[in-house]
Amino acid sequence: MTQTWLITGASSGLGTALALAALRAGHKVLATARNPTKAAQENPQIEELGGIWISLDVTSPDTAKHVTDAITTAGGTIDVVVNNAGYSLLGSIEDMSENEIETQFSTNVYGPVRILKGILPFMRAQRSGTVVNISSSAGVDGAPSCAMYAGSKFAVEGMSESLSKELQPFGIRVILVEPGYFRTKFFAAFVAPAAGLTEDYVGTPVEAALKAIKAKDGSQEGDPVKAAQRILEVVTSRGLGAGTEGFLRVPLGQDCYNRFQTKIDTLQANLTKMKEIAHSTGFDS
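Heads up: the sequence shown is residues -21 to -1, 1 to 264, going by mature numbering (1 follows the signal peptide of the UniProt record, and there is no 0).
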């Protein structure tokens, strides 16, 4: 069955790979970018395969209206939305300005909310649809230098957990995709605070993490084309995605899987250690 997809941040990386995967599978794709002219020039295959570029900045308060207009123009139905647009603000939280933090959350958290406000009325009316929120391995395990980026992705995780329960009565599925390290421009495009790095953080885990990210750029183990194919299969319940319908989270990458397993083990140890404390706080009977 042919579906209509709307993918934000389709101008590069995982967004581009996913747009191409959906188009090659015979679906209709509305690909969004802040500069669709530039995006079309850099990714001619999307239009060649029938994709439609849409100008969209997810930080704009008019995002929901733009989405509504785009879907209406495209025929009035939407089957899959992929909230992929995002970036990472990395460094010491002390060095980040209020404006830098606000922009991080406006893009990574409020952006998907604005998109959903435009999408969900269509999906509720249809009593069907799939919401794909792109999180990160940082959305489950916060690392040094990633306080605000991880914070934004943790917000997406919590939001998606609630949405999956809120939207179930309407036949709308929520999928939370958690990529590890994939070979895209994501690392190269991270934003550092304009203030730089406070000297006290030199030689600490914050600086070490920043150096590791810069050194890793271009040698990430993950293949975004394969990641896009796995997402497509989970959305359509085919291939390796068959039988995953009842599950919310889709971790991608062996690095992500191992990182999550360590986090689960740490959480279990923490929970076990705190059991007596947790159970000691009720009123005496």
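No residue lacks a Cβ here, since even glycine has one placed at the ideal position from N, Cα and C.
Per DSSP, the continuous beta strand (DSSP E) segment holding Arg152 begins and ends at Ile151 to Pro158. One thing to note: Thr(-6) has its Cβ within 8 Å of the Cβ of Ala(-12).
Of the residues His45, Gln247 and Thr241, the one whose Cα lies closest to the Cα of Thr(-14) is His45.
Bridge pairing for Gly201: Phe161 [DSSP].
Exclusion of the five residues before and after Ala168 leaves Tyr66 as the residues of its chain whose Cβ lies within less than 7 Å of its Cβ.
With a minimum length of 4 residues, there is no unbroken run of alpha helix (DSSP H) contained wholly in the region 102 to 126.
Pairing Ser107 with Glu136 gives a Cβ-Cβ distance that is not under 8 Å.
Distance from the CA of Glu27 to the CA of Ala(-1), rounded to the nearest whole angstrom, comes to 13 Å.
When DSSP states are grouped into helix, strand and coil, Asn249 belongs to the helix group. At least 8 Å separates the beta-carbon of Gly201 from that of Gly220.
Cβ-Cβ distances below 7 Å link Pro15 to Trp32, Ile33 and Ser34 in the same chain, with the five nearest sequence neighbours on each side left out; the list follows chain order. Judged by pairs of C-beta atoms under 8 Å, the region 170 to 183 does not touch the region 241 to 251, as fewer than three such pairs exist. For the pair Lys132 and His258, the Cα-to-Cα distance works out to about 31 Å. With respect to the 8 Å criterion, Ile154 and Val229 are classified as neighbours on the basis of their beta carbons. Closest by C-alpha distance to Thr(-20), out of Leu211, Lys190 and Ser76, is Leu211. Annotation: the continuous alpha helix (DSSP H) that includes Val46 extends over Thr42 to Thr52. Excluding its 5 nearest sequence neighbours in each direction, Ala43 has C-beta neighbours in its own chain below 7 Å: Arg93, Lys96 and Gly97, listed in chain order. Around the beta carbon of Val181, a 10 Å sphere encloses fewer than 16 other beta carbons of the protein chains shown; the residue is thus reported as exposed. DSSP, reduced to helix, strand and coil, places Asn62 within a strand of the structure shown. By the 16-neighbour rule on beta-carbons within 10 angstroms, Lys144 is exposed.
Using a 10 angstroms sphere on the CB of Arg217, the tally of other CB atoms stays under 16, which defines it as exposed.
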